[in-house]
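**Student:** Please see the structure below; I have some questions.
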Amino acid sequence: MLVLSDKSLIAPPKLTAWIETVAAEIGVPLQADMFSNGGTDGGAVHLTGTGVPTVVMGPATRHGHCAASIADCRDILQMQQLYLPLFNVLRVRRLFN
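With the first letter of the sequence shown counted as 1, position 23 gets the number 10 in this note's numbering; the numbers rise by one all the way through.
The structure is reproduced here in structure tokens:
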């Protein structure tokens, strides 16, 4: 799941477009969402220093604020498959910029 916005954050369109492109290239289905109530830790992160481009991602879950959230194991594995190429690109950019 890719969170486009919540009460504390609007994800940068270029960043979300890049993530959607990578997901499509590797065949990982990605569900976009907007939270109208509540926020995420991304709201605080994007205000750090002079600002940090921030997007919130994670596997889709049910009953997220309960003691027993439910997620499909396939969704968790697909998010892992998506995180790896994203992190590798970000790591290389950080090393050479």
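For each residue, glycine too, the CB sits at the ideal point set by N, CA and C.
If you draw a straight line from the C-alpha of residue -9 to the C-alpha of residue 70, how long is it?
**Tutor:** Translated into the one-based positions of the sequence shown, residue -9 becomes position 4. Translated into the one-based positions of the sequence shown, residue 70 becomes position 83. Whole-angstrom Cα-Cα distance: 17 angstroms.
**Student:** What whole-angstrom Cβ distance do residue 63 and residue 46 have, given they're in contact under 8 angstroms?
**Tutor:** Counted from its first residue, the sequence shown places residue 63 at position 76. Counted from its first residue, the sequence shown places residue 46 at position 59. With a Cβ gap of about 5 angstroms, residue 63 and residue 46 count as contacting.
**Student:** From the DSSP output, in three-state form, read off residue 42 for me.
**Tutor:** Residue 42 sits at position 55 when you count from the first residue of the sequence shown. Three-state result, residue 42: coil.
**Student:** Given this structure, state the Cα-to-Cα distance separating residue 52 from residue 10, to the nearest angstrom.
**Tutor:** Counting from one through the sequence shown, the residue named residue 52 turns up at place 65. Counting from one through the sequence shown, the residue named residue 10 turns up at place 23. Computed Cα separation, rounded: 27 angstroms.
**Student:** Using alpha carbons as the reference points, say which of 25, 57, 58, 16 lies closest to residue 117.
**Tutor:** Nothing about residue 117 can be read from this structure; the chain reaches only from -12 to 84.
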